[in-house]
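J.: Protein chains in written order, with the working numbering: chain A, 1 to 267; chain B, 1 to 289; chain C, 1 to 311. Where a beta carbon is used, it is the ideal one built from N, C-alpha and C, also for glycine. This structure is in structure tokens; I'll ask about it shortly.
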Amino acid sequence: MVSAATAVMGANEIEVASPKIVVRDVTIRYAGTPALSGVSLDVREHEVFGIIGPANAGKTSFLKALNRMDMFTDGMKVEGSIEFDGRPIDRLRNVYALRSRIGVVFPLPVGLPLTIYENVALAPRLGGMRNKAELDDIVERCLTRAALWDEVKDRLNSLGSLLSGGQQQRLTIARALSQQPDVLILDEFSIAVDPVTTMRIEDVLKELKHELTIILVTNLVQQAQRLADRTAFFLEGECVEVGKTSDLFDGRVQDSRTRDYIEGKFG
Amino acid sequence: MFEASELNLRNKRTESLYRTLFLVMTLLLILPVLLILGTLIVKGASAISWEFLFGYPKDGMTAGGIFPALVGTIWLVSVALLVSVPLGVAAAIYLNEYAGENWFTRIINLAIINLAGVPSIVHALFGVGAFVIFFGFGTSILAASLTLAIMTLPVVIVSTRESLRAVPMAFREACWNMGATRWQTIRRVVLPNAVPGILTGVILEVSRTTGETAPIMFTGAAFFLPFLPESVFDQTMALSLHLFVVSTQVPNVPENLPYGVALVLIGMVLLMNSLSIALRMYLRGKKKW
Amino acid sequence: MAGSGKAINAESAVEFDRRNTDWYVDKAIQAIVFVGGISTIIFVIGIFVFITREGLTFVFDTLDVKEFLTSEYWDPSDEDAPEYGILALIAGTASVTGLAMVVAIPFSLGAAVFIGEFATGKTREFLKVLVELLAAIPSVVWGFIGLSIMNPLIIEWFNVPVGLNVLNAGIILGLMAAPIMTSIAEDALKAVPDRYREAAEAMGATRWQVIYKVVLPAAKNGLLGAVLLGVGRAFGETMAVLMATGHSINIPTSVFDSVRALTATIAAELGETAVGSDHYGALFTIGIFLFLITFIINLLADLVVRGVRKG
């Protein structure tokens with residue numbers, strides 16, 4: 001109950017800035033069993049919104065709901081309301097347009113079994129782009145952005161699915177950027193990536209923040225501290241609290257469980 | 001210590017005994033068939049000649065060639081494929097890409113199992129009742145091929161489904177997350193990686209269809225026709241039926257003639273199957289992820 | 001800031017509401033592939049409907065179910081007093097199928113155990129390919145083999161006047177069904193998780209003990225399914241039994257008796273009957289009978305493989 005109240009309080013304060021995504025009282029069930037209950041929060045434009053919490057907190061389910069992936073997941077049901085740019089996402093006539101505005105990077109890198117070039121050109125092509133020069137431009141820009149261009153520029157025609165794990169993750173990021181999304185969602189992207197690459201990607205995210213909104217789900221609280229403007233703490237299917245990252249990490253929490261988690265007492 | 005090793009030795013001996021037993025059972029299953037195939041080759045080879053393959057039957061089918069039967073089989077198989085491949089691939093795409101696991105797909109699966117399990121002669125009766133009589137196609141290539149297509153539909157569905165399944169789910173999810181529709185995902189990522197697998201299934205189906213006899217006996221294949229079919233509404237000879245005819249229905253056939261027909265038929269079938277297996281192995285060695 | 005926010009809102013409002021070509025194409029494709037999926041159901045129903053339709057007049061006007069199933073006299077072409085008893089035909093099918101299973105079950109299960117559990121690497125691959133190729137031999141070729149190769153061998157070895165009989169057809173059908181049963185049985189063995197084997201081996205069990213005590217019991221349902229599918233295949237086989245049984249109506253008392261099978265009767269007689277005649281209807285009625293029996297066998301095999309009965 002406490003958590004819901006705080007979230008709503010946070011929401012009131014946000015009304016002044018422009019909210020990109022507004023989540024109200026969202027509950028997610030799989031074949032009836034709730035994975036996440038009563039979440040309310042806002043994601044503002046051009047912020048990095050961190051979500052931390054241990055495994056099975058409902059973080060990934062939450063991301064799936066934002067992207068309407070419940071449509072493709074057997075047994076998954078979302079209740080409550082989610083608005084994107086002020087539009088309730090469960091009442092869109094073209095849900096694919098929503099997804100094309102949200103780029104997603106998974107915990108495990110997925111290089112599609114296409115060439116590196118086609119991996120990045122796929123989203124623009126899906127959007128109907130045919131012009132070779134434009135595509136070339138997007139491919140180069142996105143790969144550069146994702147800090148992968150220098151490593152692959154001489155073999156754009158080799159298979160993306162055969163790159164190393166770290167490279168595939170950067171390819172995935174390049175692919176997400178090629179959608180020219182408003183929102184970039186990263187779900188524990190550093191799990192399959194070495195520390196050096198992780199730092200390089202984090203630098204990229206800091207730059208990207210000026211152009212788009214980033215939702216960063218991470219199991220590394222330090223990463224949230226480094227990158228997120230505001231952070232939500234999820235625990236066992238509940239959003240415990242949402243606050244400014246600096247507040248949470250300086251101990252100004254509303255729920256002691258948040259402090260315990262951040263200080264590494266559990267999770 | 002000593003006891004243990006004695007036990008070990010005994011175990012080893014029973015072990016190799018069982019191994020040999022099962023090896024012998026396997027060989028008893030395979031060797032007779034290989035012997036029979038050998039006999040077919042030895043006895044049939046003398047019949048095979050240029051004139052045999054490209055000539056017409058002569059003297060009441062006791063001499064001459066099998067050309068009209070060969071051409072007829074190609075007609076029957078091609079028309080059957082035109083129906084069963086699109087239908088089978090569609091069914092597999094529906095089951096694997098669009099439908100979830102529910103009572104409806106369960107019924108479809110049961111239907112597939114039954115199509116594969118119903119005796120070929122019952123398919124023949126269906127072909128007569130539905131295509132020859134009800135739809136009025138008469139005994140024709142069209143009626144026979146439709147019957148064959150429905151009968152071998154499960155082959156296409158099962159193999160297509162298997163190759164679709166081999167494409168990891170993560171690829172689909174990645175595409176969906178980008179805003180791709182199911183069909184865009186299938187066309188751009190799933191199908192390109194499944195087509196070679198589907199192709200092996202299609203070759204397998206060609207082989208199955210080539211050998212079928214009962215379903216075409218009353219629906220479109222004729223014992224003897226002195227000319228080649230010109231459209232799907234004509235009757236035709238077929239290689240499989242020709243083997244039945246020359247070995248049971250025609251008196252005074254020289255011994256090597258039916259052997260020759262059997263050899264050509266089995267050669268075609270095994271060639272297709274080997275091709276399909278070779279393609280499958282080649283693909284297995286060429287991983288794309 | 002607020003202005004740009006508004007602009008985006010307006011843009012997404014348009015985009016989210018506009019169903020583009022890709023949206024409609026996806027829906028159209030979904031409808032098309034759905035037709036493919038449902039066609040399988042339509043065909044199965046269609047098979048039943050159309051063979052029933054042809055057999056219907058006979059079933060209602062002429063058929064005496066008791067006579068049909070219990071009389072051993074099948075003589076539908078007798079103009080004065082046609083006989084429609086399929087008992088002898090059932091006996092023919094049953095005897096041949098039974099003998100085929102006696103041949104096929106031990107050898108195919110044995111071969112599956114060897115290929116799946118003993119053989120390794122190249123040997124295993126080679127045997128699997130060979131089994132697959134054997135399964136591809138068309139039934140009319142098997143019939144020809146029964147007629148031309150087995151027939152003289154049986155006459156010579158057993159000193160009997162006719163070599164086209166239960167023995168001949170049983171062996172042929174057994175050899176025919178065995179490769180398929182081997183493949184399915186081997187799949188069933190492969191489905192047993194390796195950790196079962198590893199756990200038993202860690203306890204010091206020999207390979208055979210592992211197979212006998214762990215793998216076979218765990219694969220029981222799959223193996224039973226393989227046997228049932230083999231039975232279904234042998235039962236419904238047409239060309240091979242038509243050519244190898246001798247095709248004479250008989251309730252067999254020994255394996256050297258010639259018999260006639262249900263399937264073969266249809267294949268042999270349908271060509272001679274007039275559409276709509278009693279004889280024609282009787283053959284379709286046998287078809288209905290065959291359809292129902294194989295339907296049940298396949299349903300049973302499916303249930304067994306899925307382990308529903310266990311659960």
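Tell whether a beta-carbon distance below 9 Å holds between residue 23 of chain A and residue 66 of chain A.
T.: For the purposes of this step, residue 23 of chain A is identified with residue 23 of the first sequence, where counting begins at 1. For the purposes of this step, residue 66 of chain A is identified with residue 66 of the first sequence, where counting begins at 1. Result yes, Cβ atoms of residue 23 of chain A and residue 66 of chain A sit closer than 9 Å.
J.: I want to know whether the stretch 155-168 of chain B touches the stretch 194-206 of chain B - three or more CB-CB distances under 8 Å.
T.: Yes, since at least three Cβ pairs between the stretch 155-168 of chain B and the stretch 194-206 of chain B fall closer than 8 Å, the two stretches touch.
J.: At what residues does the beta strand (DSSP E) containing residue 270 of chain A begin and finish?
T.: The first residue shown for chain A is 1 and the last is 267, placing residue 270 of chain A beyond what the model contains.
J.: Where does residue 214 of chain A sit, in a helix, a strand or coil, going by DSSP?
T.: For this step, residue 214 of chain A is matched to residue 214 along the first sequence. DSSP places residue 214 of chain A in strand when its eight states are reduced to three.
J.: Measure from the alpha carbon of residue 236 of chain C to the alpha carbon of each residue in B:263, B:8, B:116, B:205, then state which is nearest.
T.: Along the third sequence, read from residue 1 onward, the residue named residue 236 of chain C stands at position 236. For residue 236 of chain C, the nearest C-alpha among the options comes from B:116.
J.: Residue 104 of chain C and residue 183 of chain C - do their beta-carbons sit closer together than 9 Å?
T.: Taking the first residue of the third sequence as 1, we reach residue 183 of chain C at position 183. Taking the first residue of the third sequence as 1, we reach residue 104 of chain C at position 104. The answer is no: Cβ separation not under 9 Å.
J.: Measuring only the C-alpha atoms, how far is residue 166 of chain B from residue 217 of chain B?
T.: Start at 1 with the first residue of the second sequence, and residue 166 of chain B comes out as number 166. Start at 1 with the first residue of the second sequence, and residue 217 of chain B comes out as number 217. Cα to Cα, the separation comes out at about 38 Å.
J.: Helix, strand or coil for residue 56 of chain B, going by three-state DSSP, please let me know.
T.: Start at 1 with the first residue of the second sequence, and residue 56 of chain B comes out as number 56. Reduced to three states, the DSSP call for residue 56 of chain B is coil.
J.: Residues of the stretch 94-115 of chain B in Cβ contact with chain A at a cutoff of 8 Å, in chain order, please.
T.: Within the stretch 94-115 of chain B, the qualifying residues are 100, 101.
J.: Shorter than 9 Å from the beta carbon of residue 179 of chain A to some beta carbon of chain B?
T.: Residue mapping note: residue 179 of chain A aligns to position 179 of the first sequence, counting from 1. Chain B, which has a Cβ nearer than 9 Å to the Cβ of residue 179 of chain A, makes this yes.
J.: Between which residues of its own chain and residue 225 of chain C is the CB-CB distance below 6 Å, once the five residues before and five after are set aside?
T.: As a first step, residue 225 of chain C must be located in the third sequence, where it is residue number 225. Contacts found: 301, 304, 305.
J.: For residue 199 of chain A, does the count of other Cβ atoms within 10 angstroms reach 16, so buried, or fall short, so exposed?
T.: Counted from its first residue, the first sequence places residue 199 of chain A at position 199. Exposed: under 16 other Cβ atoms inside 10 Å.
J.: Are the stretch 275-282 of chain C and the stretch 44-58 of chain C touching, with three or more C-beta to C-beta distances below 8 Å?
T.: Segments in contact, yes.
J.: Check each candidate in B:250, B:237, B:177 and name the one with the smallest Cα separation from residue 95 of chain A.
T.: Numbered from 1 along the first sequence, position 95 holds the residue referred to as residue 95 of chain A. The shortest Cα separation from residue 95 of chain A among B:250, B:237, B:177 belongs to B:177.
J.: Closer than 8 Å to a non-hydrogen atom of the ligand FAD - does that hold for the CB of residue 110 of chain B?
T.: The ligand FAD is not among the ligands present in this structure, which contains no ligands whatsoever.
J.: Apart from the five residues on each side of it in sequence, which residues of its chain come closer than 7 Å, Cβ to Cβ, to residue 311 of chain C?
T.: As a first step, residue 311 of chain C is located in the third sequence; it is residue number 311 there, counting from the start. Note that residue 311 of chain C scores 36 on pLDDT, short of 50, meaning its location in the model is unreliable; the coordinates nonetheless yield the value given after this. Around residue 311 of chain C: no qualifying Cβ.
J.: Check each residue of the stretch 17-34 of chain C: if its Cβ is closer than 9 Å to any Cβ of chain A, include it; give the result in chain order.
T.: Here the close residues are 17, 18, 19, 20, 21, 22, 23, 26.
J.: Count the C-beta pairs between the stretch 36-53 of chain A and the stretch 200-210 of chain A that are closer than 8 Å, then say yes if the count reaches three, no if not.
T.: Because the criterion of three Cβ pairs below 8 Å is met, the stretch 36-53 of chain A and the stretch 200-210 of chain A touch.
J.: Run through chain B and tell me which residues come within less than 8 Å of residue 57 of chain A, C-beta to C-beta.
T.: Locating residue 57 of chain A in the first sequence gives position 57, counting from the first residue. Those within 8 Å of residue 57 of chain A in chain B number zero; the least Cβ separation is about 21 Å.
J.: Taking the alpha carbon of residue 215 of chain C as the reference point, which residue from C:196, C:133, C:74 has its own alpha carbon closest?
T.: Here residue 215 of chain C refers to the residue found at position 215 when the third sequence is read from its first residue. Nearest option by C-alpha distance: C:196.
J.: So residue 323 of chain A contacts chain C; which residues on that side make the cut at Cβ distance below 8 Å?
T.: Residue 323 of chain A lies beyond the range of chain A shown here (1 to 267); nothing can be said about it.
J.: So if I threshold CB-CB distances at 7 Å, which residues from the stretch 165-184 of chain B count as touching chain A?
T.: Residues 170, 171, 174, 176, 177, 178, 179, 180, 181, 184.
J.: Would you mind telling me which residues of chain B sit closer than 9 Å to residue 76 of chain A, beta carbon to beta carbon, in chain order?
T.: Here residue 76 of chain A is taken as the residue at index 76 of the first sequence, counted from 1. Near residue 76 of chain A there are no residues of chain B at all, since even the closest Cβ is about 11 Å away, more than 9 Å.
J.: Chain C partners of residue 137 of chain B, CB-CB under 8 Å?
T.: Mapped onto the second sequence, residue 137 of chain B falls at position 137. What residue 137 of chain B touches in chain C: nothing, since even the nearest Cβ is about 13 Å away.
J.: Going by C-alpha distance, which of C:242, C:231, C:230, C:115 is nearest residue 168 of chain C?
T.: Reading the third sequence from its first residue, position 168 is the one you call residue 168 of chain C. Out of C:242, C:231, C:230, C:115, C:242 has the C-alpha closest to the C-alpha of residue 168 of chain C.
J.: Nearest by alpha-carbon distance to residue 144 of chain C: which of B:173, B:247, B:195 is it?
T.: In the third sequence, residue 144 of chain C corresponds to position 144, counting from 1. With distances taken between Cα atoms, residue 144 of chain C lies closest to B:247.
J.: In the DSSP output, which residue or residues are listed as bridge partners for residue 74 of chain C?
T.: In the third sequence, the residue the question calls residue 74 of chain C occupies position 74. DSSP lists C:84 as partners of residue 74 of chain C.
J.: Counting pairs of Cβ atoms below 8 Å between the stretch 145-163 of chain C and the stretch 80-87 of chain C, do you hit three or more?
T.: Not touching, per the Cβ criterion.
J.: Can you give the Cα-Cα distance for residue 150 of chain B and residue 35 of chain C, rounded to whole angstroms?
T.: For the purposes of this step, residue 150 of chain B is identified with residue 150 of the second sequence, where counting begins at 1. For the purposes of this step, residue 35 of chain C is identified with residue 35 of the third sequence, where counting begins at 1. Cα-Cα distance, rounded: 14 Å.
J.: Got a sec, what are the start and stop residues for the alpha helix (DSSP H) residue 295 of chain C sits in?
T.: The sequence position of residue 295 of chain C within the third sequence is 295, counting from 1. 278-306 is the extent of the alpha helix (DSSP H) around residue 295 of chain C.
J.: Show which residues of chain B have a CB atom less than 7 Å away from the CB atom of residue 204 of chain A.
T.: Start at 1 with the first residue of the first sequence, and residue 204 of chain A comes out as number 204. Within chain B, no residue comes near residue 204 of chain A; the closest Cβ sits about 19 Å away, beyond 7 Å.
J.: State the beta-bridge partners of residue 100 of chain A as determined by DSSP.
T.: Here residue 100 of chain A refers to the residue found at position 100 when the first sequence is read from its first residue. None, per the DSSP bridge assignment.
J.: May I ask you to list the residues that DSSP assigns as paired with residue 77 of chain A?
T.: Start at 1 with the first residue of the first sequence, and residue 77 of chain A comes out as number 77. Residue 77 of chain A pairs with A:29.
J.: Relative to the C-alpha of residue 172 of chain B, which candidate in B:187, B:162, B:103 has its C-alpha closest?
T.: The residue labelled residue 172 of chain B in the question sits at position 172 within the second sequence. The candidate whose alpha carbon is nearest that of residue 172 of chain B is B:187.
J.: Hey, residue 229 of chain B and residue 72 of chain B: beta-carbon distance below 9 Å or not?
T.: Indexing the second sequence from 1 puts residue 229 of chain B at position 229. Indexing the second sequence from 1 puts residue 72 of chain B at position 72. Yes, they are a contact pair.
J.: What are the uninterrupted segments assigned as alpha helix (DSSP H) that are 4 or more residues long and contained completely in the stretch 165-224 of chain B, given in chain order?
T.: Counting only runs of 4 or more, we get 169-177, 182-185, 191-211, 214-217.
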